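Encoded as structure tokens, the structure appears first; notes follow it.
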Amino acid sequence: MSFSDFLKTNTVYLDGGMGTLLQERGLKAGEQPERWNITHAQAIVEIHKAYFDAGSNVVCTNTFGANALKFSEAELDEIVKAALTNAKRAREQSVSPQEKFIALDIGPSGKLLRPYGDLDFEDAVSLFAKTVKLGVQYGAELILIETMNDSYETKAALLAAKENCELPVLVSNAYGEDGKLMTGATPAAMVAMLEGMGAAAIGANCSLGPKQLRGVAEELLANASVPVILKPNAGLPKAVDGKTTFDVTAEEFAEELVALMEKGVRLVGGCCGTTPKYIRTLTQRTKGFAPLLVTDKNLTVVSSYTHAVAFGASPVLIGERINPTGKKRFKQALKEGDIDYILSEGVSQQEKGAHILDVNVGLPDIDEPQTLQTVVCELQAVVDLPLQIDTSDAAAMERALRRYNGKAMINSVSGKKESMEAVLPLVKKYGGVVVALTLDEDGIPENAEGRVAIAEKILQAAARYGIAKKDIVFDTLAMAISADTKAAQTTLTALNRIKKELGCHTSLGVSNISFGLPCRDAVNATFFALALENGLSAAIMNPYSAEMTKTYRTYKALKNLDENCAEYIGAAASFAVAETVSQATAQAVQEDFRSELGRAIVKGFKDKTGALTKALLKSTPPLAVVNDEIIPALDRVGEGFEKKTVYLPQLLMSAEAAKNAFEEIKAHMAISGGGAAKKAAFVIATVQGDIHDIGKNIVKLLLENYGFDVVDLGKDVPPERVVEATVCRRAPLVGLSALMTTTVPAMEETIRLLRSRAPWCKIVVGGAVLTQEYADRIGADFYAKDAMETVRYAERMTE
Amino acid sequence: MSTVLVKTYAPPPFCEREILRYAGCKGTDETLSALLQACLDEVKDKLVYKVCYIELPVRITDGLCDFSAFSVRSKHLAKNLRGTERAIVFAATVGVEIDRLIAKYGRLAPSKALLMQAIGAERIEALCDAFCADMEGETRGRLKPRFSAGYGDLPLEAQREIIALLDCAKKIGVCLNESLLMSPSKSVTAFVGIDDNGGTVYEANGRKCAACDKNDCDFRREI
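Keeping their order, the protein sequence lines are chains A and B. Note that this note's numbering has the first sequence beginning at 1, numbered continuously upward. Note that this note's numbering has the second sequence beginning at 800, numbered continuously upward.
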């Protein structure tokens, strides 16, 4: 019987701990247990056999840390081969009668992925792929990815398995006391991502005892439509008289597991501290136990690296602001590679209550696949909302989905054959909930019947790719009522029918409805209410729109989706506060600046400077605002910093306040035409190997305030990239930052390369380990001990 | 004892003065205090306080510190451990969330990033102090000051062995990158000698700076 068939109807008994047993046999702390497959093969065979004898259906090879980071390729090959040989030998030797399978065991790489560590996602995929291929070559029958404490690494491992074999893949994560992975994902989020990618079973192992994992198991059971795995520790380790013991006995362990098997857990075993005795006790206690069959939970759900967002119970708001269409300032940011502007759009939408962020970076003269991938990754470093990947470029869609940490929303597929053939395979491979537009080769049907028929066609095509109905959300296309006054009715009827007759969730780009009309917010908000009443599950909307937010809050309160109207009451306070910010005063400030703007910058009131600048721009030319208000205020603070009467955080608060003022000026100029004249280009980077970038970001902020055209290359930047950027922009100034003594050589190498290929540039260095002496030794032009010094130097050099 | 054990602690009390010191401030004002408070509110429930550790025998001969599981050559560590027959090797972390916040604000509001970074530094130090105080009770010995790779002549390369010995990635999620930096960044590894012959009571913040001979350090405490 194949493992997949066995899994369908049986409880699967996995094995127990390996590490503790190896330690008993002499494995030392810090020694690689995987080498024991070769050096102590007999011991490994004995342990595997003991588990088979105890009733395990699946024994996992001793390959937890067998990866190409820890071993050379030749040794890795040898280890995986020996590991599978050992497991097979144990199976041959065991005479117990149950079905027996051998799983290739894959644990974490031992490295943290970017952006928190330095392992690139694709490198992680390749790393796991090597182990997977060897496992398949030497006869593994299934794969167990286990003890993963990072959702991103889990995705890399599962992707590697899926791309390199047809074996069933079980995926189990290590959850902490807080019921989340170390990097923050909840069980529901993991189920969304892993199920989407085709894991055969999903679960939890290690870190805690069965009692502490109960909550995690229950959350997995509530969300998973595949079997759930539970492989806990024998409680917590304690050192008693120089020996390690665990505080949960075999009997207690079995009792806890039985209780969870009765709730539906289908694959059971143990992790650290459990022994064949634990498995034997469990198999004996559950002889004849009738397992619960897995039911489809029928959840439409997307996830980020922390949490899941489900469709159905309450309307889902999808923020539409990360999109260049009709936004000059956004287009400018995209063209200039100003990712920070895009990130701040993401963060503000989250603050305004969006549940999902739509991400569209389509511009005619842009490398969309690369840009979309970059923006998605950068957004996922600062915003924990699920993203909706919005592109009509299939290559860009794949790049973004591959790198996305979670289960994304995908915008969109249509009833066109070409679209379905391009998009549906991606949905199947990477998982996701796809927005399906009810249009096809013949355009958008004028009536609801036509749109419902296209929806049915898309469902059939999706089913052929193995995509379930729950992973499709239909958009019945809101069209401008100014062009056709029946348009709203048609959209709503189609929406209602798809919801009721096809049982699918729906989404609308609400604001299209008011195109061509004055006072669009009012139309949008009323249409939004009507759509919600017709069963709309999600709206792509502008979270900054007060009207839309009011409708959303009111709708929830009226539909009994807001207990005690608490959310409504909480939000109502902000309904009343209209644009009063511009009247805000900074009277408490005694500074003698002519304008409030200058005073607000000195005081670091960054919430006020935007509105103050806007007001000032009505009567004052932008250049005067910069030269007469902002720069003098910045200088005042800068001087204070140099005299040590102002501390660094205060300097930064003023700089951020000034940045907000500049943002208004940029927006003003984007509309009135003509860009602000920037000073010289200044290339800035944290050198290769170093991931500290606070200092670099501080310098960047101040340089931008003083008008420099900062080209920020980020952190961990190879020397070649610094040179490339410097040459490409013919930048007269380069700033390099390093925090560690170990990365100063990388700084020196960067300077050497710059000297030969960009001999015109002046190089400023800074960072915790740098000194004047160090700077001289590695050949820098200037050592800046802080950000203000860099600004002053740059100004001197470009005068 | 030769097992790596794991402990999770309740959040030690926050010390705002320490945080400001790490942020390079010798004073504060209303706006700065409000910003710090906002950062503290945001960070409060997002940290973990985890330590994994092992107790090992110590034998010191001629600048070689032999912990039986592995050994390192360092005169300064040898001096630090002088007179002890056992030591704790530990790794501590406050988790990855603080890195997320530092990264987020590094892009959006560097003033907050700076404060988050200072909070992280204060938190991990407070965790190490809590752990050492706890260990002093458990080991029934007096603890010597913590000594980490990178101090004096103890090379940063020792991190590789420490991290492997403690099985850090699996136990508490701490990994080492190519430049020997730890991720999450607010993590510490250290040796702590256990002095079974009395000595001074472990003092959390007191002697740290006095024991260091880098007198021109910006962060030196004025005691």
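By construction, the Cβ of each residue, glycine as well, lies at the ideal position given by its N, Cα and C atoms. Keep in mind that this is a model prediction, so the values were computed, not measured.
Interface residues of chain A around residue i at Cβ under 8 Å?
{"i": "Pro-909/B", "result": "Leu-652, Ala-655, Glu-656, Ile-694, Asn-697, Ile-698 and Leu-701"}
{"i": "Asp-898/B", "result": "Tyr-116"}
{"i": "Ile-901/B", "result": "Ile-694"}
{"i": "Glu-960/B", "result": "Gly-30"}
{"i": "Gly-905/B", "result": "Asp-693, Ile-694 and Asn-697"}
Leaving out the 5 sequence neighbours to the left and right, which residues in its chain are closer than 6 Å to residue i when beta-carbon positions are compared?
{"i": "Phe-6/A", "result": "Glu-99"}
{"i": "Ala-588/A", "result": "With a pLDDT of only 34 at Ala-588/A, under the threshold of 50, the placement of this residue in the model should not be trusted; the figure read from the coordinates follows. Closer than 6 Å at Cβ, skipping near neighbours: no residue."}
{"i": "Asn-1004/B", "result": "For Asn-1004/B, the predicted structure reports a pLDDT of 44, less than 50, and the residue's modelled location is therefore unreliable. A value from the coordinates is still provided. Closer than 6 Å at Cβ, skipping near neighbours: no residue."}
{"i": "Thr-244/A", "result": "Pro-237"}
{"i": "His-505/A", "result": "Thr-300, Phe-311, Val-473 and Ser-537"}
{"i": "Gln-380/A", "result": "Asn-405"}
{"i": "Ala-584/A", "result": "For Ala-584/A, the predicted model reports a pLDDT of 36, less than 50, meaning its position is unreliable and no value from the coordinates is stated."}
At 9 Å on the CB atoms, spell out the chain A contacts of residue i, in chain order.
{"i": "Arg-941/B", "result": "Per Cβ cutoff of 9 Å: no residues; Arg-941/B is ~20 Å from chain A at best."}
{"i": "Val-842/B", "result": "Simply none; closest approach about 14 Å."}
{"i": "Val-847/B", "result": "Gly-176, Glu-177, Asp-178 and Met-182"}
{"i": "Leu-839/B", "result": "What Leu-839/B touches in chain A: nothing, since even the nearest Cβ is about 13 Å away."}
Report all residues from its chain with a CB closer than 7 Å to the CB of residue i; omit the five preceding and five following residues, and keep chain order.
{"i": "His-668/A", "result": "Leu-617 and Pro-622"}
{"i": "Ala-784/A", "result": "Val-764, Gly-766, Thr-790 and Tyr-793"}
{"i": "Phe-289/A", "result": "Thr-11 and Met-261"}
{"i": "Ser-870/B", "result": "Leu-863 and Cys-864"}
{"i": "Gly-107/A", "result": "Phe-64, Gly-65, Glu-146 and Thr-147"}
{"i": "Gly-707/A", "result": "Lys-678 and Lys-679"}
{"i": "Val-258/A", "result": "Arg-285 and Thr-286"}
Could you list which residues in chain A have their beta carbon closer than 7 Å to that of residue i, in chain order?
{"i": "Val-803/B", "result": "Ala-29"}
{"i": "Gly-972/B", "result": "Asn-149 and Met-182"}
{"i": "Phe-869/B", "result": "Gly-30"}
Which residues in chain B have a C-beta closer than 7 Å to the C-beta of residue i? List them in chain order.
{"i": "Glu-177/A", "result": "Thr-807"}
{"i": "Thr-147/A", "result": "Lys-969"}
{"i": "Pro-237/A", "result": "Thr-802 and Leu-804"}
Could you pull out every residue in the same chain whose Cβ sits closer than 8 Å to the Cβ of residue i, ignoring the five residues on either side in sequence?
{"i": "Val-240/A", "result": "none"}
{"i": "Lys-130/A", "result": "Asn-67, Ala-68, Glu-73 and Leu-76"}
{"i": "Ala-586/A", "result": "Only weak support is given to the placement of Ala-586/A: the predicted model assigns it a pLDDT of 35, under 50, and the value that follows is read from those uncertain coordinates. Same-chain partners within the cutoff: Glu-596, Arg-599, Ala-600, Lys-603, Phe-605 and Lys-608."}
{"i": "Glu-841/B", "result": "Leu-900"}
Who are the neighbours of residue i on chain B, taking C-beta pairs under 8 Å?
{"i": "Pro-108/A", "result": "Ala-968 and Lys-969"}
{"i": "Asp-607/A", "result": "Chain B residues near Asp-607/A: none, gap ~11 Å exceeds 8 Å."}
Runs of alpha helix (DSSP H) lying entirely within the stretch 190-259 of chain A, each at least 4 residues, in chain order = The stretch 190-259 of chain A contains, as complete alpha helix (DSSP H) runs of 4+ residues, the segments 214-223 (chain order).
Give, in chain order, every unbroken run of the beta strand (DSSP E) that is at least 3 residues long and sits entirely within the stretch 6-93 of chain A.
-> 58-60
Using 8 Å as the threshold, is the stretch 163-181 of chain A in touch with the stretch 203-218 of chain A, meaning 3 or more CB pairs across them?
-> yes
Are three or more beta carbon pairs between the stretch 51-62 of chain A and the stretch 79-99 of chain A nearer than 8 Å?
-> yes
Does the pairing of the stretch 246-263 of chain A with the stretch 21-40 of chain A give three or more beta-carbon distances under 8 Å?
-> no
Touching or not, the stretch 386-398 of chain A and the stretch 354-368 of chain A, by the rule of three or more beta carbon pairs under 8 Å?
-> yes
If we count Cβ pairs, one from each stretch, closer than 8 Å, do we get three or more for the stretch 550-560 of chain A versus the stretch 329-346 of chain A?
-> Contact fails: fewer than three Cβ-Cβ distances are below 8 Å.
Every unbroken alpha helix (DSSP H) within the stretch 717-793 of chain A, with a cutoff of 4 residues, ordered by chain | 719-729, 744-757 and 772-777
Can you list, in chain order, the stretches of the alpha helix (DSSP H) that have 4 or more residues and sit fully within the stretch 406-457 of chain A?
-> Here the runs fully enclosed are 417-430.
Between the stretch 333-352 of chain A and chain B, which residues of the former have a C-beta closer than 7 Å to a C-beta of the latter?
-> Within the stretch 333-352 of chain A, the qualifying residues are Asp-340, Leu-343, Ser-344 and Val-347.
Length-filtered (4 minimum) alpha helix (DSSP H) runs lying within the stretch 324-379 of chain A = For the stretch 324-379 of chain A, whole alpha helix (DSSP H) runs of length 4 or above, ordered along the chain, are 328-335 and 339-351.
Pairing CB atoms from the stretch 636-643 of chain A with CB atoms from the stretch 808-817 of chain B, are three or more of them under 8 Å?
-> Cβ pair count under 8 Å is below three, so no.
Sequence ranges, beta strand (DSSP E) only - wholly within the stretch 480-539 of chain A, length at least 3 | 505-509
Of all the alpha helix (DSSP H) runs that stay within the bounds of the stretch 605-637 of chain A, which reach a length of 4 or more residues?
-> Listed in chain order, the complete alpha helix (DSSP H) runs (minimum 4 residues) inside the stretch 605-637 of chain A are 606-617.
What residues in the stretch 913-934 of chain B bring their beta carbon closer than 8 Å to a beta carbon of chain A?
-> Leu-913, Leu-914 and Gln-916
May I ask you to list, following chain order, the residues of the stretch 362-384 of chain A that have a beta carbon less than 9 Å from some beta carbon of chain B?
-> Glu-378, Ala-381, Val-382, Val-383 and Asp-384
The stretch 981-994 of chain B: positions lying closer than 7 Å to chain A by Cβ | Ser-982 and Pro-983
For the stretch 882-896 of chain B, which residues have a beta carbon sitting closer than 8 Å to at least one beta carbon of chain A?
-> Gly-894, Val-895 and Glu-896
Do the stretch 706-723 of chain A and the stretch 680-695 of chain A meet, that is, are 3 or more Cβ pairs less than 8 Å apart?
-> yes
Alpha helix (DSSP H) runs contained entirely in the stretch 915-991 of chain B, provided each spans 4 or more residues = 957-964 and 967-970
Under 7 Å (Cβ pairs) to chain B, residues found in the stretch 637-648 of chain A | Those would be Tyr-647 and Leu-648, in chain order.
Contact the stretch 453-472 of chain A vs the stretch 509-521 of chain A: 3+ CB pairs below 8 Å = Too few Cβ pairs lie closer than 8 Å, so no.
Assess, as a yes-or-no matter, whether the stretch 731-741 of chain A is touched by the stretch 919-939 of chain B under the definition of 3 or more beta carbon pairs within less than 8 Å.
-> no
Quick one: any contact between the stretch 317-334 of chain A and the stretch 280-288 of chain A, if contact means 3 or more CB pairs under 8 Å?
-> Short answer: they don't touch.
For the stretch 873-891 of chain B against the stretch 829-846 of chain B, are there 3 or more C-beta pairs whose distance is under 8 Å?
-> no
Does the stretch 902-913 of chain B touch the stretch 687-702 of chain A, meaning 3 or more C-beta pairs lie closer than 8 Å?
-> yes
Count the C-beta pairs between the stretch 435-453 of chain A and the stretch 271-279 of chain A that are closer than 8 Å, then say yes if the count reaches three, no if not.
-> In short, these stretches do not touch, since the Cβ pair count stays below three.
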